[in-house]
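Numbering (this note's numbering), first residue to last: 3 to 201.
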């Protein structure tokens, strides 16, 4: 057993039982070890969840970085979609990620911000747009993963529109991009923000 195996098994446990039921006791039983042996790798459950979050986000954070020849609008859309796809990969992926401190390679985030600024997006707008995109995506996936599905919605009025999560996400993302393009073209700016984006 090593740290990577513990994290992988913890993520598989998450997929099976959901975030509320993940515990070090269940994980130890799954691994066939005594619960205290997990403390060798993670001192607290919070440490374990942080490691799970970082591992779960690997498909997104290892995506190729933008290059000077890329269209920033297309990249902004694809970067946000990648974030959503990664959150949806795991059961309760959005809940696992929400509230966690930004992790990973901060140079990658700086590269993304520099790319937007070099492409003509004002720095303040770039930070705000990336923050808005990450929070919009987290909220969208939280709602999507909490959706009980059509069978459990049978008692709802027949004329109440059902949400198509893919279409709703794409529409909202389009509005975010339209606003960013408008701000970039007109030179309008927003108030400073000190909260780092996640995407």
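Note that the Cβ used here is the ideal one computed from N, Cα and C, for glycine as well.
- When the beta-carbon positions are compared, residue 88 and residue 61 come within less than 8 Å of each other.
- The three-state secondary structure of residue 164, taken from DSSP, is coil.
- With a contact defined as Cβ atoms closer than 8 Å, residue 98 and residue 58 qualify at about 6 Å.
- In this structure, 94 is the residue among 7, 94, 29 with its C-alpha nearest to the C-alpha of residue 148.
- For the 8 Å CB-CB criterion, residue 82 and residue 139 form a contact.
- Within the region 23-95, complete alpha helix (DSSP H) segments of at least 4 residues are found at 26-33, 47-58, 60-63, 74-91, given in chain order.
- In this structure, the beta-carbon distance from residue 26 to residue 40 falls below 8 Å.
- In the DSSP annotation of this structure, residue 21 is not part of any alpha helix (DSSP H), being labelled neither H nor E.
- The beta carbon of residue 146 lies closer than 6 Å to those of 167 in the same chain, with the five residues before and after it left out.
- Residue 151 sits in coil when the DSSP states are folded into three classes, being neither helix nor strand.
- For residue 79, the closest of 186, 177, 184 by C-alpha to C-alpha distance is 177.
- The three-state secondary structure of residue 115, taken from DSSP, is helix.
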